[in-house]
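Going by our numbering, the letters in the first sequence line up with residues 1378 to 1614, in that order.
Glycine residues also receive a C-beta, built at the ideal position from the N, C-alpha and C atoms.
Remember, it's a predicted structure, so these values are computed and weren't measured experimentally.
For reference, the structure discussed in these notes is given below.
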Amino acid sequence: MVRSPCCDKTKVKKGPWSAQEDALLLNFTATFGNGGNWISLPKKAGLNRCGKSCRLRYLNYLRPDIKHGGFTEEEDYVIYKLFNAIGSRWAIIASNLPGRTDNDVKNYWNTKLKRKISSGEFNIINNPIRNCCKKHNNNSQISNNENITNTIEKDRSYYEIESLNMVESKESTEEIPSYYSENSSSNSTDFNGISGEEDEFWMDLLADSFDSSVVAVASHQLQEKMSEIASLLHDSS
DNA sequence: AAGCCATGCAACCGCGGCATA
DNA sequence: GTATGCCGCGGTTGCATGGCT
């Protein structure tokens, strides 16, 4: 099948966007969204651009929730782990980093993080997200489930990484193991044979930091998150 | 000061998937 | 069942900038 071009490439403007074009696009999207159709948006918005170019400009740069600026070490860790787990599926990786776009993550990986890792500058053992469980352990103010829920939300990315690792290693979303037994307590953990440094981290997080009732909350949230990601991967495969 | 090179990042390109006629 | 159109994604390109010689 021969694909017809989305627009006449010879008649639309290419290259960097001007401030005026940005303003036109922003004004239009603020009022109408993409109008249900990116291809027809340029005409409606008064832009001499390809619809795909408008979509890219908006999603990667103009969208109000975009986070500009350098990546944190926590974000490095998430990217590193997800890349190892699922490869260059930038959209999924970016979805774990609020405010980051797939393009951003891809550029960051290709230009900086890859080099940072190979040079040894990026140290997974000393990464702050890994050490956060120790922080929790020393924080006596964390004393109720609400606080723990907030803490867990902050560590959401880690849970998702673990889920993705499991999906990858089992090669089937239907074979995701029950990573943490529903009846487990801090010293009767059932890890279904999964081992390794990252699992030690998970054990630290659950067993060292919290009492058993809190662990139950974490376990439940993890199960939910795993199901969510499993279905996401299932849908995308 | 000028030229060269490396780096970072915005933008483009083409393909696959999906919805719909 | 097939053709068509749109969206989203990943790979790649090209330009701007800064550092080095």
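List the whole-angstrom C-beta distance separating residue i from residue j, where the pair is believed to meet the contact cut-off of C-beta under 8 Å.
| i | j | result |
| --- | --- | --- |
| L1490 | I1456 | 6 Å |
| L1474 | E1452 | 6 Å |
| N1411 | L1403 | Not a contact, Cβ separation roughly 12 Å. |
Measure the alpha-carbon distance for residue i versus residue j and round it to whole angstroms.
| i | j | result |
| --- | --- | --- |
| K1388 | N1425 | 8 Å |
| F1448 | L1436 | 18 Å |
| K1493 | K1420 | 44 Å |
| I1463 | R1440 | 26 Å |
| Q1397 | S1496 | 42 Å |
| I1416 | A1407 | 17 Å |
| T1526 | R1477 | Confidence at T1526 is low in this model, with a pLDDT of 36, below 50, so its placement is unreliable and no value can be given for it. |
| I1470 | L1459 | 6 Å |
| C1427 | D1385 | 8 Å |
| P1393 | N1461 | 33 Å |
| D1479 | R1466 | 8 Å |
| E1539 | F1409 | Because the pLDDT of E1539 is 47, which lies under 50, any placement of that residue in the model is unreliable, and the question is left without a value. |
Pick out whichever of the options has its Cα sitting closest to the Cα of residue i.
| i | options | result |
| --- | --- | --- |
| R1432 | Q1397, T1449, G1413 | G1413 |
| R1434 | Y1485, G1446, S1395 | S1395 |
| I1443 | D1481, E1398, W1486, Y1485 | D1481 |
| A1422 | F1405, T1478, H1445, K1391 | F1405 |
| E1450 | N1411, P1393, L1403, Y1485 | Y1485 |
| K1391 | K1429, K1483, G1446 | K1429 |
| D1399 | Y1438, C1427, C1384 | Y1438 |
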